[in-house]
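Okay, so here's the structure we're looking at.
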Amino acid sequence: MYRHYMIGARVVDGLENIDEQGLRRLVDRFYAQVRQDSELGPIFGDAVADWPEHLEKLTDFWSSVMLRTGRYKGNPLAAHFQQRPRLSPALFERWLALWEETTAELMPPAAAAALQAKAARIAESLQIALFFKLPPVRDHKAA
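Quick note, the sequence shown lines up with residues 66 to 208 if you use our numbering.
In structure tokens:
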């Protein structure tokens, strides 16, 4: 059966090629690369005390996002907000580039595209929450 899925405003094929085993393998390999990355590694190294627990939580996250299992019970924004002083849009781009490389390496093309699209939308939402600031509201009564 050939299925199409909406992620953001795009139709994405390939979710039928994503399963729990593939997500576990992807998360493990991806975060092994993140930990070795000269830019991302130090941030994650300082933020994560228990890597096996964190990898389990991240696998639950991707399972919930892509397979709708509902296993993830965390708050990604709160976790990222704790590291806000060390984060930048360039680091999000670096994370996304590594994610794209790893998903392309480990997943069938349509599944990789679905995972990449979802990650890009999540990264965009996190960056808006972390970095976007409206100008102060001008008091019209004082003017």
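Beta carbons are placed, not taken as given, at the ideal position from N, Cα and C, and that holds for glycine.
- Remark: C-beta atoms of K122 and G110 do not approach each other more closely than 8 Å.
- R151 and W116 have their C-alpha atoms some 20 Å from each other.
- Annotation for A185: L161 place their beta carbon closer than 7 Å to its own, counting only its chain and skipping 5 residues before and after.
- Judged by beta-carbon spacing, F146 lies within the 8 Å limit of L195, meaning their Cβ atoms are closer than that value.
- Contact check between the stretch 170 to 186 and the stretch 98 to 114: fewer than three CB pairs, one atom from each, fall below 8 Å, which does not count as touching.
- DSSP places E166 in the uninterrupted alpha helix (DSSP H) bounded by 154 to 171.
- Positions of the alpha helix (DSSP H) runs, each at least 4 residues long and wholly inside the stretch 122 to 146, are given as 141 to 146 in order along the chain.
- Two segments are said to touch when three or more pairs of C-beta atoms, one from each, lie closer than 8 Å; by this definition the stretch 164 to 177 does not touch the stretch 101 to 109.
- Taking the C-beta atoms as reference points, L142 is found nearer than 8 Å to L191.
- According to the DSSP assignment, S190 belongs to the alpha helix (DSSP H) that extends over 174 to 196.
- Residue environment analysis places A179 among the buried positions, since at least 16 neighbouring C-beta atoms fall within 10 angstroms of its C-beta.
- Contact between L120 and Y96 holds: their C-beta atoms lie close to 6 Å from each other, under 8 Å.
- With respect to L171, R94 sits close: the two C-beta atoms are nearer than 8 Å.
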